[in-house]
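Below: the structure, in structure tokens.
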């Protein structure tokens, strides 16, 4: 049976961790660090998660090693749900046709076979279960049970003490039908254990563990330990997160005064008994509440768990030794003859596993005629984060166990900076010289561009407009990686030159069966920017040349200077780090935007998975250090995973940049708010649930929580006749997120209320000084529970408004009035308005209408659907003042299976949510168009506010580039498909001939066959290459003065049509990006 490991990632800015995939025919396992970026790497490499059943996390339980775990789980769960829906649809279609399809459950069972698909078990160190349970407020899926198994010195020592065999490691820690796994929790040297728990125990001897250990079976047995009870509770929370029976339409009768806002409330009509929405006074308003009961949705299970049992930090790093089971020997004809078995049919029956009778009448079983078994082959995956772990590793008793080391073929060393230099580790490697030693480390693997799709587009953009699109920071050669702790170490550089390790590369295959070897045929070549930057289509060069000439025209420059005049924050830089939606894709990462305000500091708006990696691609190490030192505030708009899963990593890097030597752990709670505001701290502002997650996760890892100012925003109800304000709550906690009396039910920490506009409070000026802001205005928006939009107001008049994810909101337009910049999501194109309503996002036209109502000076559109991964279609003219030029059909009720934080609004709402913008075509007739330049964002885009008109001018060239890239990608995919089909046909033909004539007598196939097939496959596009075609579109040969007139002063034309023209191939053509006058450029 063939099985092998394949390297998925090595440490880079795009993929900070090391991940390997173990392939069996019907099952997959992940080993290593499931760090941020792992899910995106799977997309880039074409790795499917449908066969994944087990994840073995290595190293310490910290966000650097498991920050991508939630994303992987959500992707797997959504894939399984889609597969189940497809099976159900197929069964219903067969039933409708009278063919009697099988029940869906039976089909699923047959499909899964013995692969155990549909469940996921995650293995790792202590606090793994606690880490997952902290995500209960923002992760929710149904139908995919998730289990955890934790391995630490204390638990394995207890189980090992029960061993009765000579070799205490004879039984593995865990096994299934394919592999045996021995887990090794490795402890650092005693002097390095401060701040974390690392139990002092005797020699460890593992055994199998299961969830049954956490069940109390008999009342007469001793009471479970507190830790076990806590673990049961955490596992119950995880079960509710991924396999609950919760229903969104379940309503619970609740006194109005006890309803937690925001919430959609219903009352029953006393006459008809029908449910109808409640629109009276709500909790939190300034009106008296009636003494009535209302019906509200029962919170999803995670929201009902106020807090988890306490935990302590653990510094043990888990490693594994993995070996397949011994393989059954092959049928031995000589043994069969010696047992008087007649050759022929009896031999065939024995090979099939059947008993036969010998010629002397004795029963012969298959086991009696087998050759010797083939011993299983092993791989050790060792994760050592620092040199402090080396001593415990090399002294472990497992290396003296024949059960563990038998058949050990290779090591994969996952090493922190400088660990490979340790003399005892080098001695150990020399002692294990019969094994192959491979390594993944920032010391041995370069910081190459791991995501070639987005790298290619970014480099071409840099060629077109280097001022706005820098080449992503990378280095294919320098070791150790620049910016790492050992980058300047001459000792490490010398040890690398004399290394016993072979560095691994993505795509490397470690074949285990039938023969052990390193297979480099699938290694992914390093991305070469020089080759990409030379491939700029001729038509794009023509457009860029024309645009450069036009923007340098004195008339354009005069109008640009007029636009910049009296523009607050003209030199503020907006850096769009991630511009995609839902989940990372090949071309766009998930949401994050950095705003650099000269002389004030930096502000981060949302922080999706691997935002820190995007920052490392934008800035060289020294410049990144400066950006992090100046980072003042992180705003998280809502708790969907694509908007906040990168927060912990950014905070940790901020903490390292500002406190390189760390800070002493404070056992007491700081209650002096003035002192807190005067310290060097990072503000994190969001909804209460996000603040709760930051507190809970601080119990797992010291990521810098003690130097944060986490503020929960409480927006006031929007009143156009009065000033809108937001109050903020700070919870006084220790560095680990706890507080005095935390263990008591219903306990709360001491809190302080902050208000930018409360001049009577001495805290208000300190708050303004600490944040660099004059005010923060927030409002609830329609998307999910707790979703908010924000306006950041600066003392010099610069005002930035950020929508997060939402339907268009009049409340947001109110608080963002006169914004200098509006950054608004435009998830869907206008022809997908029904999807936008159902999924509570905005279309391009709706986003622009918010900008018009807000009277924003500039608009940046972001958060584009994966349907538009490569290019954002922006038809400014169609949207200006025309949020809904045509009546849209009312969407059918939809079940939102992609929710992380379940919504608390009806699906769809029986009537528009009060703050949701609704514009009829009749109302649009007398509305002026949006008087603001608009640009669509791409990953790694950096632009000054005063340069947005220039970005808009260059938009047609950028859009044309992505249009060509999309066509070229389709052509290349078609070529590769035909090549594969030709190769498959050739293999099939060869197999058939061998079957007929025998392998020895088969005639060799003509070598021209594959070549001809390949040539045919490559001759797909009979026209000119998309890379060399000249520009032939109208408008690019027009007079520059005419173009200038349209750009700055043209008529405010409006498009009433939402139709999109189709090319001859049926591909969606790219609508033009329009100017502020509404005319196409």
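Numbering (full-length UniProt numbering), first residue to last: 1 to 1081.
Note that the Cβ used here is the ideal one computed from N, Cα and C, for glycine as well.
For residue 607, the three-state secondary structure derived from DSSP is strand. Under DSSP, residue 182 takes part in a beta bridge, and its partners are 321. Here the alpha carbon of residue 833 sits roughly 36 angstroms from the alpha carbon of residue 548. Considered as a whole, the segment 750–820 harbours 751–754, 775–780, 788–793 and 799–802 as its complete beta strand (DSSP E) runs of no fewer than 3 residues, in chain order. Between the alpha carbons of residue 938 and residue 840 lies a distance of about 22 angstroms. In this structure, the straight-line span from the alpha carbon of residue 244 to that of residue 237 is close to 10 angstroms. Within the same chain, 146 come within 6 angstroms of residue 120 by CB-CB distance, once the 5 residues on both sides are set aside. Restricting attention to 818, 669 and 706, the CA atom closest to the CA of residue 751 is found in 669. Per DSSP, the unbroken alpha helix (DSSP H) holding residue 430 starts and ends at 423–431. Among the bridge pairs identified by DSSP, residue 124 is matched with 150. Of all C-beta pairs linking the segment 552–562 to the segment 439–454, fewer than three are shorter than 8 angstroms, placing the two stretches out of contact. By the Cβ criterion, the segment 44–55 is not in contact with the segment 355–369, since fewer than three pairs of Cβ atoms, one from each stretch, lie closer than 8 angstroms.
Between the C-alpha atoms of residue 767 and residue 677 there is a straight-line separation of about 6 angstroms.
The criterion of a C-beta distance shorter than 8 angstroms is not satisfied by residue 564 and residue 578. By alpha-carbon distance to residue 611, the top candidate from 635, 644 and 343 is 644.
Per DSSP, the continuous beta strand (DSSP E) segment holding residue 437 begins and ends at 436–440.
A straight-line Cα-Cα distance of about 6 angstroms links residue 410 and residue 437. If the five residues before and after residue 5 are omitted, its C-beta is found closer than 6 angstroms to the C-beta atoms of 20, 22 and 510, all from its own chain and listed in chain order. With a minimum length of 4 residues, the unbroken runs of alpha helix (DSSP H) contained wholly in the segment 624–660 fall at 641–644 and 647–658. DSSP places residue 411 inside the beta strand (DSSP E), whose first and last residues are 408–415. A distance of 8 angstroms or more separates the beta carbons of residue 321 and residue 361.
The beta carbon of residue 284 lies closer than 7 angstroms to those of 261 in the same chain, with the five residues before and after it left out. Burial check for residue 277: the Cβ neighbour count within 10 Å stays below 16, so the residue is exposed.
According to the DSSP secondary-structure assignment, residue 727 is paired through a beta bridge with 714. Membership of residue 392 in the alpha helix (DSSP H) is indicated by the continuous run 390–394. With a beta-carbon spacing of about 6 angstroms, residue 290 and residue 280 fall inside the 8 angstroms limit used to define contacts. Closest in alpha carbon position to residue 636, among 692, 659, 664 and 344, is 692. Where residue 832 is concerned, there is no enclosing beta strand (DSSP E), because DSSP gives it neither an H nor an E. Secondary structure in the UniProt domain "tRNase Z endonuclease" (6–68): the beta strand (DSSP E) runs of 3 residues or longer, each lying completely within the stretch, are 19–24, 27–32 and 52–57 in chain order.
Residue 602 is bridged by DSSP to 596 and 631. Scanning its chain for C-beta atoms nearer than 7 angstroms, with the 5 sequence neighbours on each side dropped, one finds around residue 960 the residues 539, 540 and 543, in chain order. Here residue 477 is near residue 446, since their CB atoms are less than 8 angstroms apart.
For residue 944, the three-state secondary structure derived from DSSP is strand. Around the Cβ of residue 353, a 10 Å sphere holds fewer than 16 other Cβ atoms; the residue is exposed.
Between residue 792 and the set 762, 601 and 139, the nearest pair of CA atoms involves 601. In the DSSP annotation of this structure, the continuous segment of the beta strand (DSSP E) that includes residue 683 starts and ends at 682–686.
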